[in-house]
Structures are given as structure tokens and as C-alpha cells.
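Trainee: Each residue of the sequence shown is one higher than the one before, counting from 1 in the UniProt record's numbering. We treat Cβ as the ideally placed atom computed from N, Cα and C, and that holds for glycine. Because the structure is a prediction, the values reported are computed rather than measured.
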Amino acid sequence: MGLAYNSIYSIDRYQELKTALFCGYNKPIPVRKGQRKNTAWYFYAGPFGLNASISNVLVKNNRTTTRGEQIMLIPEFTLNLQVRVWLMTTLAALLVCSAAFAQQPPPPPGAYDAAPYLGQIRNTYVYGDIWERPGLSARDRSMITVAVNQATYATNELRLHMGRALDNGITQAELTEIIAHTLWYSGFPTGVNAARVAAQVFEERGLSAIPPGASSRQPPVNPELEFPEAYSQTPYLRDLLNQVLYAETWTREELSPRDRSMITVAVGTALYASSEVRYHIGRALDNGVTQEEISEIITHVTFYSGFPTGVNASRVAAEVFEARGLAIGDSRFPGAPYLDELISGLVYGETWPRNQLSERDRSLATIAVTLANYQTDQLRVHLGRGLDNGLTTQEISELIAQVTLYAGFPPGVNGSRTFAEVLQERGLPLPD
């Protein structure tokens, strides 16, 4: 969507224009709408530090559509030189931003009706920022997004991103190979579910049910074993790992070793599988994935599996980079530096201060999620934050019991043990 003189906009389309004009800044833009001459519209440009008052004439147009009454926007500029320069810069930015917005896939119908702020995050951060970053190609982003949504059993998102992957250059054979590779790390149920979704997507697009170029299984003969001494106590698992996963799956030609490493790092990040992430970041570096690409994979996956998973993978990545003598910065998250900006901005600068929930309630929700997902490091952080935000030890104890009934006893026991350690560190008594 571009802005041109004498362009016709519906009122609804104008609301989209406001968003596109300042894409990436998510700043409120107060606007006083009307149909009188010399109506002043005030645009607040955030980082630009300028306010521009634009005198407009709104002329009614006699055409209507189902989207609403149409109006004609004819700017009459009565601005000083400084504002003229600003306006030209902003209009140029609009044209760039509009291209990014045009590339955004439409959300599923009704997906954000009950959570409009979530829709804003999707538009501004996920598609307006993360998907547009140059650190990974659109193909690579689609590849890891399909894998992560498969691994987390996110069926609706998986369907959406399989279609997007095909649009971004992933072939049918590659898509089915992503499914086959990922299931070794997230379990066969996720692979069966993803295969069913892929069949539906292929049918909807009129594609062959059997992907062109996909090969059948070809077990290697006398393969070189990746881990010959591993898992001696479970020999069948050892054989699957060596003879099927590494000697067969990893060598299949539908995906390159680089692709497989990117997928595996992404899935390990999403599953909070620290040991797997550690090993496969090293393997990814050996397979040609750059340090910057690994950081970008972690940042991208964070929006599909949650910030705790990204923080954990960033910590592990930093340790691997340092062990290999690679340079790392001095940010809080040197394994994925952009997380620092996102957490300071989106998480704590924007979302936590929103007045729809108190900080106390936000702490309750965050403790519940990190406990249920067995994310011990982040659970520890938010147990302390919850105490700082006014939660009592008895309330947190009760929350642990409540969540355990829905998440299972293993995360509940882990949560109880972690909370006891937090209380001991603070010199607080255990709850009754």
C-alpha cells in the first residue's frame, strides 16, 4: 500500500495506513478524524522527534463499498522546511514499510479477535521485524518455522507455514524431508501429525500427493558410526542413533547438512533441550552455518516457542562460541544479541507495564508457564520476581500445586525444589 496524491482510502484503510506509516515503532498516533476543511491530524513520529501538523481537506466521494464509506485525502501542505524534509523522509519510509506489510501472510480468520494486542505483536514484531531481518533468507526462516511448529504440535500454525514455505522456495520433497528429520528430535507423533497436514496442503494447492524428487529409504551398508561407544546400556537406541539417524537420515540428499543442522538447532531451542542444542550448534558450525546465522535462528525461534527457550539457547550458544574462540559481544545474551533489545523493549518495556494486568498477576502467569514447561532457570528468575511483585510464599506454593495437576508431577516437583532454593537464598521461611 503506497500513499499518493488524490488516492482514495476507506476509513478502515486509513487505520492500516497509520500502522504502516510507523511500522516497527508501535507508537500511538493520535488522529482527529472529520470531514471539514483544515482538520488538523497530528502524527507522532517517535524516534524522529518531530510533530507535524498537516492541514487537510477531506472531500467525500460518492462511492461506497462493503468496507465502509470512502473518503478522498488531499494534503494541502503549509509546513516549514524542517517538517517538509521530515515528511518526505517519512513518505519514503512508508513505501518501504508498505512492501514489508504487503508480504505479511494474512492471519487466520478470527485468530486475534479475542487478543488484539497479540495481533499487534504479530504484525509489528514477528512479520514487520523478525521475518524481514537479513540474517536468514526467507527460505531458511520457513524451513525452521515448519520444523518448530511440527515439534511443538502447533497444527494450525504448521498448516499456515507449510504453505508459506512452498511460496518461499521450499520444494515438496524438502518439506517432507523436514518432517522426517524433525520427528527424530520431537517424536513420531509430531511427524505423523505433520505428514497429515502436509497432505492436506498439497491437495489444497493441487500438488502431487507423492512429492517429485523424494526418495525412498536406502539403508547404508556397514556405515561409519557417529557414536560407536554411546548408550551401551541401551544397544537398540545406540543402533537407531548410529545406523538410522546419522548414517541414513543425516546423509539423505533432499536436505543439505547445513539445512539439517539449522533445523536441529531450531528444534532443540524450541524444546529447551540444552544438551542437544550444545552439540548441534557445534555441528552446525562444522556444517557451514555461521555464528550470525545461529544467533538469528535462536532469535527467530523465540517467537514460536517463547522467550525462555531463546534465553536458554542463547546462553548455550555463547558457551559454544567462546569454547571455539569466536568473538562474542558484551550484551546480556551474547549468543543471540538481538534478544537483549527485544526483552528490554517488547517484554519488559512494553508488555509488562500494560495496565490490563497487574505485575503481580503477570508474575503468576509467568511462573505457571515456566513451571509447566520445566524451564528451571527462567522459573527461578520469575519466582524471585513474583516475590518482589507482592506474591506471598503461600500463594506461590499453592500455584505450584495447582499447575502440577495440569502439567504433571515432574515439573511440579522441580518447581517445589526450585522455590525452596529461592526462599533459602532470600532467608525466607518455607510455607506452611
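Roughly how many whole angstroms lie between the Cα atoms of ALA154 and VAL369?
Mentor: Roughly 17 Å separates the two Cα atoms.
Trainee: Which same chain residues end up closer than 6 Å to LEU245 when comparing Cβ atoms and leaving out the 5 residues on each side of it in sequence?
Mentor: TRP184
Trainee: Is there contact between the region 313-324 and the region 277-294, where contact requires at least three CB pairs shorter than 8 Å?
Mentor: yes
Trainee: Specify, as a first and last residue, the run of the alpha helix (DSSP H) that GLY119 falls within.
Mentor: 116-121
Trainee: Under the three-state reduction of DSSP, which class applies to LEU136: helix, strand or coil?
Mentor: coil
Trainee: Along the alpha helix (DSSP H) that carries SER275, what are the first and last residues, could you check?
Mentor: Looking at the DSSP string, the run of the alpha helix (DSSP H) that includes SER275 is 274-286.
Trainee: For the 8 Å Cβ check, are there 3 or more pairs between the region 224-232 and the region 185-202?
Mentor: no
Trainee: Closest to ALA180 by C-alpha separation, out of ARG362, THR249, LEU346, would be which residue?
Mentor: THR249
Trainee: Below 8 Å CB to CB, which residues in the same chain sit around THR264 once its five sequence neighbours on both sides are set aside?
Mentor: So the list reads HIS181, TYR185, GLU276, HIS280, ARG283, ALA284, once near-sequence residues are dropped.
Trainee: Could you check the C-alpha separation between ILE121 and ASP140 for me, to the nearest Å?
Mentor: 22 Å
Trainee: Here's the rule: buried if 16 or more other CB atoms are within 10 angstroms of the residue's CB, otherwise exposed. What is ARG360?
Mentor: exposed
Trainee: Would you identify the three-state DSSP class for SER232, choosing helix, strand or coil?
Mentor: coil
Trainee: Exposed or buried, which one is PRO334 when buried takes at least 16 other CB atoms within 10 Å?
Mentor: buried
Trainee: On a Cα-Cα basis, can you pick out the residue from VAL301, ASP330, GLY384 that is closest to GLU421?
Mentor: When C-alpha distances from GLU421 are compared across VAL301, ASP330, GLY384, the shortest belongs to GLY384.
Trainee: Between PRO105 and LEU158, which are expected to be in contact by the criterion C-beta below 8 Å, what is the C-beta distance as a whole number of angstroms?
Mentor: In fact, because the Cβ distance is near 13 Å, the residues do not count as touching under 8 Å.
Trainee: Under the three-state reduction of DSSP, which class applies to ASP432: helix, strand or coil?
Mentor: coil
Trainee: When you compare the region 347-354 with the region 387-401, are there three or more beta-carbon pairs, one atom per stretch, that lie closer than 8 Å?
Mentor: no
Trainee: Following the continuous alpha helix (DSSP H) through ASN414, name the residue where it begins and the one where it ends.
Mentor: In the DSSP assignment, ASN414 falls within the alpha helix (DSSP H) that extends over 409-426.
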